[in-house]
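Remarks on the structure that follows.
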Amino acid sequence: MKRPTQKEFLRLAVPNVLTNLTVPLAGLIDMALLGHLEDVSPLAGVALASLIFDYTYWTLGFLRMGTTGLTANAYGARDREASAGVFVRSAFIALLIGLAILVLQKPLGDLSFLMLSGEAAVEHQGRLYFDMRIWAAPATLGGYVIVGWMLGMQRARAALLYSTVLNGLNIVMDYIFIYKWGMGAAGAGLATMVASYGALLVGLGLMLRFWEDHPKPRLSWLAERDKLMELMQLQRDIFIRTLCMITTFFLFTNLSATFGQVVLAANTILFRVLNTAAYFIDGFAYALESLAGRFQGSNDPRGVRRSLLLSLYWNIGVVVVFIQLFWFADREILSWLTHHVPVIEAAQRYMPYVSLCLLMSGFAYIYDGFFIGLTRGRILRNSMLVSIAGFAPFALYSYLTQNQEALWWGMTAFMGLRALTLALASRPYMSAGLEPARS
3 MKRPTQKEFL RLAVPNVLTN LTVPLAGLID MALLGHLEDV SPLAGVALAS LIFDYTYWTL
63 GFLRMGTTGL TANAYGARDR EASAGVFVRS AFIALLIGLA ILVLQKPLGD LSFLMLSGEA
123 AVEHQGRLYF DMRIWAAPAT LGGYVIVGWM LGMQRARAAL LYSTVLNGLN IVMDYIFIYK
183 WGMGAAGAGL ATMVASYGAL LVGLGLMLRF WEDHPKPRLS WLAERDKLME LMQLQRDIFI
243 RTLCMITTFF LFTNLSATFG QVVLAANTIL FRVLNTAAYF IDGFAYALES LAGRFQGSND
303 PRGVRRSLLL SLYWNIGVVV VFIQLFWFAD REILSWLTHH VPVIEAAQRY MPYVSLCLLM
363 SGFAYIYDGF FIGLTRGRIL RNSMLVSIAG FAPFALYSYL TQNQEALWWG MTAFMGLRAL
423 TLALASRPYM SAGLEPARS
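FYI, the working numbering numbers position 401 of the sequence shown as 403, with every residue one higher than the one before it.
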């Protein structure tokens with residue numbers, strides 16, 4: 003199979019970057035429309051309830067990642083039945099989880115709001131949003147599988163179209179339900195639900211178009227125990243990896259709150275800045291998932307190596323640009339996000355740590371994409387376990403001594419260990435012609 007060129011890599015990467023950039027847009031429109039209501043409680047309630055969905059759906063990201071890796075391997079092997087089977091099995095698992103969320107929505111909501119602290123009015127608005135948006139669960143998870151399959155089939159533009167429809171429709175529905183009909187927080191939740199099912203229909207339509215050279219779906223594929231176990235084991239390892247990551251970010255945020263609202267606000271803004279850069283890098287990581295999986299499937303280790311090197315080169319370029327922005331325009335960037343001088347000054351003190359974290363996390367995100375494409379979930383899981391173990395001592399020290407910088411030392415160690423452990427695990431794959439054993 004032909005080695006990946008810069009042009010082919012960018013053909014996959016650029017739509018992925020654009021796809022990622024559409025993700026925060028709908029959320030910003032949500033906030034803007036709710037933020038202009040006379041009562042602030044709908045805005046606060048949606049922010050509170052969004053935490054529940056963010057953490058829930060983030061942990062279920064294995065539905066997309068696992069589907070991408072296995073589909074890309076099947077695509078590289080030119081095995082249409084295998085790629086079709088991956089979709090059917092992944093969609094079945096997504097449907098089961100989505101229905102389970104609907105059935106358990108009341109205890110899930112009760113437990114979640116019990117763990118979150120908010121005033122009565124804020125919690126009421128959060129409940130209105132939660133009770134509407136929760137019905138989108140099957141469509142949201144189904145969308146994960148569709149996007150994962152499209153990326154595995156090297157259809158990055160189709161994934162961009164799906165994401166554009168999802169977020170574009172969400173914005174339109176936000177305007178109608180919140181601004182025109184005055185539904186507030188409930189309108190924001192309803193907008194997300196309508197957009198999710200609308201995008202699902204578009205995604206299924208695209209699937210039918212791409213399915214022409216695939217065999218008709220068969221229920222017997224669900225009974226293929228070996229392949230089902232392969233998928234579930236990969237998803238399990240990615241789930242553990244993601245759960246560790248979320249736990250680290252949750253601890254970081256909670257510990258930031260112990261230093262007061264200024265430090266909490268500063269760290270929240272810095273994380274938003276860091277995540278914005280990550281959206282760009284993830285576009286290259288998604289392209290690497292598709293390419294590495296494809297060349298793995300075609301038994302072309304030189305293609306695997308070339309794909310990784312291309313991703314690393316582009317990652318370095320993006321990271322250098324963002325670090326220069328952080329270095330020379332830090333105050334301007336922070337002033338766009340807040341006008342509170344104490345928050346800006348606190349954030350400026352920690353901006354060098356953001357640059358250091360970005361330098362390390364950029365490599366970590368690329369290697370994540372590499373091992374997802376190769377379906378090496380165990381490597382990702384073990385790397386994250388080592389990384390969270392490296393974060394824990396700094397977090398404890400920060401809490402016991404009330405040392406704010408120690409918290410950023412911990413985050414830097416976390417990102418650094420992710421990059422280091424994954425880079426070490428990738429060394430055998432950098433020797434062209436060598437096919438490492440599955441782990």
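By construction, the Cβ of each residue, glycine as well, lies at the ideal position given by its N, Cα and C atoms. Treat the numbers as computed from the prediction; the structure is a model and nothing was measured.
Each residue's CA atom was taken as its position, placing Trp223 and Leu202 some 23 Å apart. Straight-line spacing of the CA atoms in Ser389 and Val25 works out to 27 Å. Going by beta carbons, Gly154 and Ser292 fall inside the 8 Å limit.
The alpha carbon of Met413 has as its nearest neighbour, out of Gly111, Val149, Phe254, the alpha carbon of Phe254. In this chain, the alpha helix (DSSP H) harbouring Pro344 covers 343-375. Secondary structure of His126 (DSSP, three-state): helix. By the C-beta density criterion, Tyr315 is exposed, having fewer than 16 other C-beta atoms within 10 angstroms. Its chain contains Val321, Ile325 as the residues whose beta carbon lies nearer than 8 Å to that of Leu361, once the 5 sequence neighbours on both sides are disregarded; these appear in chain order. Distance from the CA atom of Pro140 to the CA atom of Phe212, rounded to whole angstroms, is 22 Å. Annotated as distal: Asn18 and Thr377, with beta-carbon spacing of 8 Å or more.
Just so you know, the alpha carbons of Cys246 and Gly63 end up roughly 13 Å apart. For the pair Tyr57 and Gly379, the Cα-to-Cα distance works out to about 20 Å. Taking C-beta atoms as the reference points, Tyr146 and Leu208 fail to come closer than 8 Å.
Three or more beta-carbon pairs drawn from the segment 266-280 and the segment 347-361 are found closer than 8 Å, and the two stretches are therefore classed as touching.
Around the beta carbon of Phe396, a 10 Å sphere encloses 16 or more other beta carbons of the protein chains shown; the residue is thus reported as buried. If you look at Trp410, you'll find it in the alpha helix (DSSP H) that goes 406-428. Secondary structure of Val42 (DSSP, three-state): coil.
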